[in-house]
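Undergrad: Taken in sequence, the protein lines are chains A and B.
Per numbering that gives the first Met the number 0, the very first residue in the first sequence carries number 0; after that it's consecutive.
Per numbering that gives the first Met the number 0, the very first residue in the second sequence carries number 0; after that it's consecutive.
Where a beta carbon is used, it is the ideal one built from N, C-alpha and C, also for glycine.
The structure's right below; bear with me while I get my questions together.
2 protein chains.
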Amino acid sequence: MDKIEKIKAGDVRTVSRLIRNLEDQLPEATSTLKLIFPHTGKAHVIGLTGSPGAGKSTLADMLISAFRSKNLTVGMLAVDPTSPFTGGAILGDRIRLQRHAEDAGVFVRSLATRGAVGGLARAVGDAIHILDAMGKDIILVETVGTGQQEVEIINHAHTVVVVLVPGMGDDIQAMKAGIMEIADVFVINKADRDGADKLDHELRTMLDIAPARQSGWRPPIVRAGNAFNPETFRASMDDLAQQIEAHYKHLVQTERLVDRQRRKILVEINEALRASILEPVLADLISSGAMDDMLEKLYHRQSDPYTLAEDVARKYLKDRPEKG
Amino acid sequence: MDKIEKIKAGDVRTVSRLIRNLEDQLPEATSTLKLIFPHTGKAHVIGLTGSPGAGKSTLADMLISAFRSKNLTVGMLAVDPTSPFTGGAILGDRIRLQRHAEDAGVFVRSLATRGAVGGLARAVGDAIHILDAMGKDIILVETVGTGQQEVEIINHAHTVVVVLVPGMGDDIQAMKAGIMEIADVFVINKADRDGADKLDHELRTMLDIAPARQSGWRPPIVRAGNAFNPETFRASMDDLAQQIEAHYKHLVQTERLVDRQRRKILVEINEALRASILEPVLADLISSGAMDDMLEKLYHRQSDPYTLAEDVARKYLKDRPEKG
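Here you go:
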């Protein structure tokens, strides 16, 4: 219980260790998460997504300052799928932490897992709970723009901010990954570049022809200045923070916040069931050598995956009474 | 058994019905797939991926002709994740079928599932088995370019062809989705456009700086002409078919084909285990109303997903003896 109190009090060392255990998928992380869960569900979770090179990290840093100037506390997660071509999580953390290092109202952490994409998705959900339990008002989740993940962020975020940049073929990319459907707020970053008007126009056209949303919310488009011009950039970040808060108010007023909260719960119970039911069976098959035997049989076409999986199910699942 | 003989003989109606059952996730599809599996593992499976608008479909049609002129039979799957913004599977099928409709050596089908991305991944693997059992020499799998899926195609394909187009920001996109790592052959489509040389140069530079592959295979870059100029386009498709065959020979000679076959089997047994172990539990939780009860408890923070999932595991999984 002491640990939970420390987390609720925002103790950085305790939280950092817990997140590290989460990344390493240690069982003790789960026992802490069980105790944390009742203290969650209060933060406004914001997903920040877009292509690499769209300037999301700088934008996130400045957006944090905008929220801080409204006296809101902020937790931030930078999600970094481990790849031989990236691996920049640690460096990125250092740079980010530096800027807000002396502000106790800000907690920033990168999240990476060495395992499957599914493992990362679960870690993100769990890490959000931790920051939520810390009492952060705002939780900002920055994801690197790989298609699937961009779409999955909607499972965790109440408000999804999509960052686009002129002249990067973003118009096409936006439609491509289904981003049009998930964006609640658009940001045109580096809006002093050629092509910003064109991108703005294309976005408006797409919003015009998109099927009207049930909710009646039309995603606003925020044009962000050049980060090297702090004055104009800061003003656009204040604007962005305001649009994000307006979206949250809209969610509360239309009761769509409840829908999003319920969707998040559904995703989480599904992930937890996978971890509690499928993963122990896989672990047992691997450690007993049964998995290797199956792979060998399949390679030589001596059996088929469907029959083998049914055999495994009979071995591990209890007999269920017939459904009436 | 009669059905299996029909499939092996390439009976289009039987195969079409089976694929439809697969898409609808009917249990009878699985019983047929069990009988089919021993007759699989002979085809050369080629993944064809790239952004929407890269001209993959036209290219696939012409590539089919190139393989046919070498007397190879071809099965093709166009993977179409169902989305409110696409839904063009049926129309696409009609257009594609028309061209090769009278050629018994070609079988073309779109694949869509209404369920999750996971469901589609499984359906693709299973549909490949069906075309394989039909005795097709080449199986071409065209995927719409959403990040995650592009990367997953490598689980099923022996050779991955990545189609790029000048001037679409493909250079950035290519790095983004991890495509650089999975491509065995690059195609620059619409290579008569401005920017083809630039794209070609960027690709070569990226290949130069990428960590040398274990296998010693450097992905060749094929420049495809304009589809409206049939002569040059046909020549480039012959070139592409030849590069694809060269890659297959390389896989055989370096014994990396075995690695790819084993990876495919590993993915398939994992998917089959999920279908046999996790999905029946989920179905039971939903039909019994237990899922709704859990969601309600979680929404009111009366329990946490980890504890609830462990309870479910105790209810459904047999007690396992302690590991020694």
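(1) For H200 of chain B, which three-state DSSP category applies?
(2) Taking 8 Å as the CB-CB cut-off, is A289 of chain B touching chain A?
(3) For L281 of chain A, return the contacting residues in chain B, with the cut-off set at a CB-CB distance below 8 Å.
(4) Nearest to S302 of chain A by alpha carbon, out of B:K7, B:R16, B:L34 and B:R19?
(5) Could you name the residues that DSSP lists as bridge partners for I45 of chain A?
(6) For A65 of chain B and E278 of chain A, I'd like the C-alpha separation in whole angstroms.
(7) Let me know the secondary structure DSSP gives R108 of chain A once reduced to three states.
(8) Taking G49 of chain A as the reference, which of A:I6, A:K317, A:L62 and A:V164 has the closest Cα?
(9) Could you have a look at F36 of chain A and say whether DSSP puts it in helix, strand or coil?
(10) Do you know whose CA, among B:D310, B:A77, B:S15 and B:A195, lies nearest M290 of chain B's CA?
(11) Between the region 20 to 38 of chain B and chain A, which residues of the former have CB atoms less than 7 Å from a CB of the latter, in chain order?
(12) If contacts are defined as beta-carbon pairs under 8 Å, then V160 of chain B and V123 of chain B qualify, I think. What distance do you get, rounded to the angstrom?
(13) Looking at the secondary structure, which residues open and close the beta strand (DSSP E) in which F232 of chain A lies?
(14) Comparing alpha-carbon positions, which option in B:R313, B:D196 and B:I264 lies nearest G40 of chain B?
(15) Assuming the contact rule is C-beta atoms closer than 8 Å, A240 of chain A and L62 of chain A should be a hit. Round their C-beta distance to whole Å, please.
(16) May I have the straight-line CA-CA distance separating R273 of chain A from R121 of chain A, to the nearest angstrom?
(17) In terms of alpha-carbon separation, which member of B:H157, B:M205, B:S68 and B:I138 lies closest to Y247 of chain B?
(18) Can you give the Cα-Cα distance for F227 of chain B and E22 of chain A, rounded to whole angstroms?
(19) If we define contact as Cβ-Cβ less than 8 Å, is T253 of chain A a contact residue for chain B?
(20) Rounded C-beta distance between F106 of chain A and L130 of chain A? I'm assuming under 8 Å.
(21) State the beta-bridge partners of G187 of chain A as determined by DSSP.
(22) In the DSSP assignment, what are the bridge partners of A77 of chain B?
(23) For L307 of chain A, which of helix, strand or coil comes out of DSSP?
(24) Since G40 of chain B meets chain A, which of its residues come closer than 7 Å, beta carbon to beta carbon?
(25) With DSSP collapsed to three states, give me the class of D318 of chain B.
(26) State yes or no: is the beta carbon of A173 of chain B nearer than 8 Å to at least one beta carbon in chain A?
(27) Might you give, ordered along the chain, the residues of its own chain that have their beta carbon closer than 6 Å to the beta carbon of D136 of chain A, omitting 5 neighbours on each side?
(28) Starting from I285 of chain B, trace the alpha helix (DSSP H) in both directions and tell me its first and last residue.
(29) CA-CA distance, A8 of chain A and R98 of chain A?
(30) So, using beta-carbon positions, are Y305 of chain B and V280 of chain B closer together than 8 Å?
(31) Evaluate A59 of chain A with the Cβ neighbour count: other Cβ atoms within 10 Å of its Cβ, from every protein chain shown; 16 or more gives buried, anything less gives exposed.
TA: Quick answer:
(1) Position 201 of the second sequence, counted from the start, is the residue given in the question as residue 200 of chain B. Reduced to three states, the DSSP call for H200 of chain B is helix.
(2) Here residue 289 of chain B refers to the residue found at position 290 when the second sequence is read from its first residue. Closer than 8 Å: no.
(3) Locating residue 281 of chain A in the first sequence gives position 282, counting from the first residue. By Cβ distance, chain B contributes N269 and L272.
(4) As a first step, residue 302 of chain A is located in the first sequence; it is residue number 303 there, counting from the start. Among B:K7, B:R16, B:L34 and B:R19, the Cα nearest to that of S302 of chain A is on B:L34.
(5) As a first step, residue 45 of chain A is located in the first sequence; it is residue number 46 there, counting from the start. Paired residue(s): A:L139 and A:T158.
(6) Stepping through the second sequence from its first residue, residue 65 of chain B is reached at position 66. Stepping through the first sequence from its first residue, residue 278 of chain A is reached at position 279. Their Cα atoms are separated by approximately 45 Å.
(7) Within the first sequence, the letter at position 109 stands for residue 108 of chain A. R108 of chain A: strand per DSSP, three-state reduction.
(8) Start at 1 with the first residue of the first sequence, and residue 49 of chain A comes out as number 50. Just measuring C-alpha positions, the residue of A:I6, A:K317, A:L62 and A:V164 sitting nearest G49 of chain A is A:V164.
(9) If you number the first sequence from 1, residue 36 of chain A lands on position 37. In the structure shown, F36 of chain A falls within a helical segment according to DSSP collapsed to helix, strand and coil.
(10) Here residue 290 of chain B refers to the residue found at position 291 of the second sequence. Ranking B:D310, B:A77, B:S15 and B:A195 by Cα distance to M290 of chain B puts B:D310 first.
(11) Contacts with chain A (Cβ-Cβ distance below 7 Å) from the region 20 to 38 of chain B involve T29, L32, K33, F36 and P37, listed in chain order.
(12) The sequence position of residue 160 of chain B within the second sequence is 161, counting from 1. The sequence position of residue 123 of chain B within the second sequence is 124, counting from 1. With 8 Å as the limit, V160 of chain B and V123 of chain B do not qualify as a contact, their Cβ atoms being about 16 Å apart.
(13) Locating residue 232 of chain A in the first sequence gives position 233, counting from the first residue. DSSP places F232 of chain A in no beta strand (DSSP E) but in the uninterrupted alpha helix (DSSP H) bounded by P229 to Q252.
(14) Here residue 40 of chain B corresponds to residue number 41 of the second sequence, with the count starting at 1. Of B:R313, B:D196 and B:I264, the residue nearest in Cα terms is B:I264.
(15) Locating residue 240 of chain A in the first sequence gives position 241, counting from the first residue. Locating residue 62 of chain A in the first sequence gives position 63, counting from the first residue. Going by Cβ atoms, the distance from A240 of chain A to L62 of chain A rounds to 6 Å, so yes, they are a contact pair.
(16) In the first sequence, the residue the question calls residue 273 of chain A occupies position 274. In the first sequence, the residue the question calls residue 121 of chain A occupies position 122. One C-alpha to the other measures close to 10 Å.
(17) Residue 247 of chain B sits at position 248 when you count from the first residue of the second sequence. Residue B:H157 is the option with its Cα nearest to Y247 of chain B.
(18) Position 228 of the second sequence, counting from 1, holds the residue named residue 227 of chain B. Position 23 of the first sequence, counting from 1, holds the residue named residue 22 of chain A. Approximately 52 Å, taken between the alpha carbons.
(19) The residue given as residue 253 of chain A occupies position 254 in the first sequence. Not an interface residue.
(20) Here the question's residue 106 of chain A lines up with position 107 in the first sequence. Here the question's residue 130 of chain A lines up with position 131 in the first sequence. At roughly 6 Å, the Cβ-Cβ gap stays under 8 Å, so F106 of chain A and L130 of chain A are in contact.
(21) If you number the first sequence from 1, residue 187 of chain A lands on position 188. The displayed chain sequence assigns Ile, not Gly, to residue 187 of chain A. Note: I187 of chain A sits in a beta bridge opposite A:L163 and A:R222.
(22) Translated into positions along the second sequence, residue 77 of chain B becomes position 78. Listed as beta-bridge partners of A77 of chain B by DSSP are B:S109 and B:E141.
(23) Looking up residue 307 of chain A in the first sequence gives position 308. For L307 of chain A, the secondary structure class from DSSP, reduced to helix, strand or coil, is helix.
(24) Position 41 of the second sequence, counted from the first residue, corresponds to residue 40 of chain B. In chain order: R300.
(25) In the second sequence, counting from the first residue as 1, residue 318 of chain B sits at position 319. Residue state, collapsed to three classes: coil.
(26) Here residue 173 of chain B refers to the residue found at position 174 when the second sequence is read from its first residue. Low local confidence applies: a pLDDT of 46 at A173 of chain B is under 50, so the model's placement there is unreliable, and no value is given.
(27) Numbered from 1 along the first sequence, position 137 holds the residue referred to as residue 136 of chain A. Within its own chain, the residues whose Cβ lies closer than 6 Å to the Cβ of D136 of chain A, once the five positions on either side in sequence are excluded, are L71 and T72, listed in chain order.
(28) As a working note, residue 285 of chain B is residue 286 in the second sequence. Residues E278 to S286.
(29) Looking up residue 8 of chain A in the first sequence gives position 9. Looking up residue 98 of chain A in the first sequence gives position 99. Distance between the alpha carbons of A8 of chain A and R98 of chain A: 22 Å.
(30) Residue 305 of chain B sits at position 306 when you count from the first residue of the second sequence. Residue 280 of chain B sits at position 281 when you count from the first residue of the second sequence. Result no, Cβ atoms of Y305 of chain B and V280 of chain B do not sit closer than 8 Å.
(31) Mapped onto the first sequence, residue 59 of chain A falls at position 60. Of the other Cβ atoms in all chains shown, 16 or more fall within 10 Å of the Cβ of A59 of chain A; this residue is therefore buried.
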